[in-house]
Amino acid sequence: MVLLRLEGVTKRFGGLVAVDHVDLEVNEGEAVGIVGPNGSGKTTLYNIISGVYLPDEGKVFFEGNDITKLPPHERTPLGLARTFQIPRPFGAASVKENVAIGAMFGRAKANVDEAMKMADEYLELVGMYELVNKEAKLLTPLEKKLMELARALAMKPKLLLLDELMAGMNPNDINRIIELVKKIKVKENIAVVSMVEHLMHAITQFAERVVVMHQGKKLIEGPTMEVLNDPKVIEVYLGKKMVIEGYEG
Amino acid sequence: MRRYKPLLPVFAIYVILLIIGATTPGLWQPIMFIMFYIGIGVALNNFLGLTGYVDFGYVAFLAMGAYGMAVALNYFTELGFGAVALGFFLALLFSALLCIAVGGVALRLRGAYFAIATIGVNEGLRYLIEGARIWGGSEGIVLSGKLRKAFGPDFANYLSTFVADVCLIIVIFVASVITIYLINSRVGYALLALREDEDAAKVVGINVTKYKLIAFFTSAAIGSLIGASAWTLKLTYVFPEDVFFIHYTVEAIVIVMLGGAGTLLGPVISGLIYGALKYYLSVILPGFQLLAFAPLLIIIVVAFPDGIVGYVRKKLRGKSLFEYIR
Ligand SMILES: Nc1ncnc2c1ncn2[C@@H]1O[C@H](COP(=O)(O)OP(=O)(O)O)[C@@H](O)[C@H]1O
Ligand SMILES: [Mg+2]
Numbered sequence: 001m002v003l004l005r006l007e008g009v010t011k012r013f014g015g016l017v018a019v020d021h022v023d024l025e026v027n028e029g030e031a032v033g034i035v036g037p038n039g040s041g042k043t044t045l046y047n048i049i050s051g052v053y054l055p056d057e058g059k060v061f062f063e064g065n066d067i068t069k070l071p072p073h074e075r076t077p078l079g080l081a082r083t084f085q086i087p088r089p090f091g092a093a094s095v096k097e098n099v100a101i102g103a104m105f106g107r108a109k110a111n112v113d114e115a116m117k118m119a120d121e122y123l124e125l126v127g128m129y130e131l132v133n134k135e136a137k138l139l140t141p142l143e144k145k146l147m148e149l150a151r152a153l154a155m156k157p158k159l160l161l162l163d164e165l166m167a168g169m170n171p172n173d174i175n176r177i178i179e180l181v182k183k184i185k186v187k188e189n190i191a192v193v194s195m196v197e198h199l200m201h202a203i204t205q206f207a208e209r210v211v212v213m214h215q216g217k218k219l220i221e222g223p224t225m226e227v228l229n230d231p232k233v234i235e236v237y238l239g240k241k242m243v244i245e246g247y248e249g
Numbered sequence: 250m251r252r253y254k255p256l257l258p259v260f261a262i263y264v265i266l267l268i269i270g271a272t273t274p275g276l277w278q279p280i281m282f283i284m285f286y287i288g289i290g291v292a293l294n295n296f297l298g299l300t301g302y303v304d305f306g307y308v309a310f311l312a313m314g315a316y317g318m319a320v321a322l323n324y325f326t327e328l329g330f331g332a333v334a335l336g337f338f339l340a341l342l343f344s345a346l347l348c349i350a351v352g353g354v355a356l357r358l359r360g361a362y363f364a365i366a367t368i369g370v371n372e373g374l375r376y377l378i379e380g381a382r383i384w385g386g387s388e389g390i391v392l393s394g395k396l397r398k399a400f401g402p403d404f405a406n407y408l409s410t411f412v413a414d415v416c417l418i419i420v421i422f423v424a425s426v427i428t429i430y431l432i433n434s435r436v437g438y439a440l441l442a443l444r445e446d447e448d449a450a451k452v453v454g455i456n457v458t459k460y461k462l463i464a465f466f467t468s469a470a471i472g473s474l475i476g477a478s479a480w481t482l483k484l485t486y487v488f489p490e491d492v493f494f495i496h497y498t499v500e501a502i503v504i505v506m507l508g509g510a511g512t513l514l515g516p517v518i519s520g521l522i523y524g525a526l527k528y529y530l531s532v533i534l535p536g537f538q539l540l541a542f543a544p545l546l547i548i549i550v551v552a553f554p555d556g557i558v559g560y561v562r563k564k565l566r567g568k569s570l571f572e573y574i575r
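Taken in order, these protein sequences are the chains called A and B. Each residue of the first sequence is one higher than the one before, counting from 1 in the working numbering. Each residue of the second sequence is one higher than the one before, counting from 250 in the working numbering.
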């Protein structure tokens, strides 16, 4: 069943078209990778899906319902959760409270006691159990990312949007996180959309399907290995350099 | 019950203060003066402390409470204790109406814009009452003669001394329970999140306007009950230039920030310190607080951005005492 559907979604910032007539479908329980160079509109797309920005054109559907105009706090309980490219912890709250807040106001809609228990569970899962009482703003950038992952999972989403979650992690952490997300995805039937700038390797391990973004447009979409070996995609990643070299020569 | 542990030190402070006041000749009035400052600290903390939003018009809620009580005692004097009850009801009603007028619009704004929007509320309301001659205009409402005539001097005196003080004390106890209840509930966690990062809070599923309004109404309601008891009932008059005096707003803000915004013990301790200093120093150095505010605020912001209790809480994280300090 189609969980998320974008129809001709467009977002402009002044003269810049950050997202340009993008169509996208994500099925229940599917793992999708969104790949694209810096500035290709990936984060903006997430902001439209989560309701941070309203699109200038196009529509967003979740489980068949039009949520284009819904404010973020009304979408989240439907089963959306995301992490931020630059982590946004609730700094003065403890790590546990951060995750519990996700459980309280996400789809899980837990009461305070349940939320605290869930926070312990998910923090244990991401391997942060010994940090539960720490003030969130004191975490390292990597820990903040893991905490955001725990917060998003504690919301019990149907659709999880990961924004450069693995950027800046070492290979060990990346493998650990991929295994973890894969496991939870299957166990709780979560559709996971993960966007990355580089880290092609990580995407091949994880995504069943890949969408490549370029200058706000959807360049190509299909099974992971097929797409990543496509000449057009190789050009997007290497082409720029060749063009510049060409001009120089 | 575990979550209500933080009430223990707070109630201990209240009880000790009241026992000292009741048993030491000449100390009851200073203690009630201190209780007033603890009260406005606790009241404003439910908004400023829990949301991080600064309301420069806060004293207007105390004024609404003061007028609510004055209107009831002035026009429904014959109801006796019923008039006092009606007075508290009107206090809540008037402050709630002001909440709707201010909060419905201004709380959709972000922090700094909200603060600016509230600056005019207090003065505007005062000039409205004076200019349109509402509730006696600038002459205010003077109740002492009426109360004495209706009830006789003994009962009138009993109202303005004993009943007024008891009401204030009850309001402060109840307000403290409400603060801890809020902090420990979903409301408290929603406010904690939006205080830290409003946009992230929305994305996590929090209806930020709703929770800001809850804090605003709670804080306004408590403020209005304090205005009704500590001003109208106790002083038996209401003058607009007194009840809309912006000074009280600034004092309440200092108390909340100094003690530790968002904690309960914070405003209690700093209300105690501030009230005591003001009571004794104003005799020796009238107007000292004006001189003291600026350096005090700078010291707080630079050295103790989390306030006294916020600082102590940080040191106690993970220790067993932590649960009692809130
Ligand atoms: N709030 C904004 N205001 C103006 N321009 C923006 C804003 N957000 C993103 N952009 C621009 O939109 C384009 C796409 O950005 P983004 O979605 O962050 O790309 P990506 O996540 O793929 O790196 C970039 O050119 C960026 O500068
Ligand atoms: Mg991005």
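C-beta atoms are modelled at their ideal positions from N, C-alpha and C, and glycine is treated no differently. None of the values given here were measured: they were computed from a predicted structure.
Measuring alpha carbon to alpha carbon, tell me which of the options ends up nearest residue i.
| i | options | result |
| --- | --- | --- |
| methionine 155 of chain A | A:Phe90, A:Ile49, A:Ile190 | A:Ile190 |
| leucine 322 of chain B | B:Ile427, B:Arg562, B:Tyr486 | B:Tyr486 |
| glycine 524 of chain B | B:Ile504, B:Ala510, B:Pro535 | B:Ile504 |
| alanine 315 of chain B | B:Gly290, B:Ile418, B:Phe343, B:Phe325 | B:Phe343 |
| glycine 385 of chain B | B:Thr458, B:Leu443, B:Val320 | B:Val320 |
| threonine 498 of chain B | B:Glu372, B:Ile557, B:Phe400, B:Ala464 | B:Glu372 |
| phenylalanine 494 of chain B | B:Phe337, B:Ile421, B:Ile368, B:Thr326 | B:Ile368 |
| valine 291 of chain B | B:Val423, B:Leu534, B:Phe404, B:Pro279 | B:Val423 |
| isoleucine 522 of chain B | B:Ile378, B:Thr512, B:Gly508 | B:Gly508 |
| lysine 527 of chain B | B:Leu256, B:Asp491, B:Phe282, B:Gly515 | B:Phe282 |
| threonine 458 of chain B | B:Ala261, B:Tyr253, B:Phe296, B:Pro255 | B:Phe296 |
| methionine 284 of chain B | B:Pro554, B:Ala479, B:Ser393 | B:Ala479 |
| alanine 477 of chain B | B:Pro258, B:Leu311, B:Asp304, B:Leu358 | B:Leu311 |
Of all the CB atoms in chain A, is at least one closer than 9 Å to the CB of residue i?
| i | result |
| --- | --- |
| lysine 451 of chain B | yes |
| serine 344 of chain B | no |
| arginine 359 of chain B | no |
| valine 298 of chain B | According to the sequence displayed, residue 298 of chain B carries glycine and not valine. Answer no: the Cβ-Cβ gap between glycine 298 of chain B and chain A never drops below 9 Å. |
| valine 457 of chain B | yes |
| serine 434 of chain B | yes |
| aspartate 446 of chain B | yes |
How is the beta strand (DSSP E) around residue i delimited, first residue to last?
| i | result |
| --- | --- |
| proline 21 of chain A | Rather than proline, the amino acid found at residue 21 of chain A in this sequence is histidine. Unbroken beta strand (DSSP E) run through histidine 21 of chain A: 16-27. |
| histidine 214 of chain A | 209-214 |
Report yes or no: is there a C-beta of chain B within less than 9 Å of the C-beta of residue i?
| i | result |
| --- | --- |
| methionine 104 of chain A | yes |
| phenylalanine 13 of chain A | no |
| glutamate 248 of chain A | Below a pLDDT of 50, predicted positions are generally treated as unreliable, and glutamate 248 of chain A, at 34, falls in that range; the measurement from the model is reported next regardless. Answer no: the Cβ-Cβ gap between glutamate 248 of chain A and chain B never drops below 9 Å. |
| isoleucine 244 of chain A | Bear in mind that the predicted position of isoleucine 244 of chain A carries a pLDDT of just 36, short of 50, making it too unreliable to give a figure here. |
| threonine 76 of chain A | yes |
| lysine 241 of chain A | At lysine 241 of chain A, the pLDDT of 42 sits below 50, so the modelled position is not reliable and the matter cannot be decided from this model. |
| phenylalanine 62 of chain A | no |
| valine 126 of chain A | no |
Just list the residues that DSSP pairs residue i with in beta bridges.
| i | result |
| --- | --- |
| phenylalanine 61 of chain A | A:Arg5, A:Asp66 |
| alanine 191 of chain A | A:Leu159 |
| phenylalanine 13 of chain A | A:Leu16 |
| leucine 80 of chain A | A:Leu159 |
| isoleucine 34 of chain A | A:Met195, A:Val211 |
| glutamate 135 of chain A | A:Ser94 |
| valine 391 of chain B | B:Tyr486 |
Any heavy atom of ligand 2 closer than 8 Å to the Cβ of residue i?
| i | result |
| --- | --- |
| glutamate 7 of chain A | no |
| aspartate 20 of chain A | no |
| methionine 195 of chain A | yes |
| glutamine 85 of chain A | yes |
| asparagine 38 of chain A | yes |
| glutamate 148 of chain A | no |
| aspartate 163 of chain A | yes |
Since residue i is in the alpha helix (DSSP H), which residue starts that stretch and which ends it?
| i | result |
| --- | --- |
| isoleucine 220 of chain A | Where isoleucine 220 of chain A is concerned, there is no enclosing alpha helix (DSSP H), although the beta strand (DSSP E) it sits in stretches over 217-223. |
| isoleucine 268 of chain B | 256-272 |
| phenylalanine 422 of chain B | 413-433 |
| glycine 536 of chain B | It is not in any alpha helix (DSSP H) - glycine 536 of chain B carries neither H nor E in the DSSP assignment. |
| arginine 566 of chain B | From DSSP, arginine 566 of chain B is part of no alpha helix (DSSP H); its letter is neither H nor E. |
| isoleucine 86 of chain A | Where isoleucine 86 of chain A is concerned, there is no enclosing alpha helix (DSSP H), given that its DSSP letter is neither H nor E. |
| arginine 359 of chain B | Counting along the chain, arginine 359 of chain B falls outside any alpha helix (DSSP H), and DSSP gives it neither H nor E. |
| phenylalanine 466 of chain B | 457-475 |
| leucine 54 of chain A | Unbroken run through leucine 54 of chain A: none, as it is neither H nor E. |
| asparagine 323 of chain B | 308-324 |
Using 8 Å as the cut-off, classify the Cβ of residue i as near or not near the heavy atoms of ligand 4, replying yes or no.
| i | result |
| --- | --- |
| lysine 42 of chain A | For ligand 4, the structure offers nothing, since it holds only ligand 1 and ligand 2. |
Going by the C-beta, is residue i closer than 8 Å to any heavy atom of ligand 1?
| i | result |
| --- | --- |
| phenylalanine 285 of chain B | no |
| methionine 14 of chain A | Rather than methionine, the amino acid found at residue 14 of chain A in this sequence is glycine. Yes, the beta carbon of glycine 14 of chain A sits closer than 8 Å to at least one heavy atom of ligand 1. |
| methionine 213 of chain A | yes |
| leucine 328 of chain B | no |
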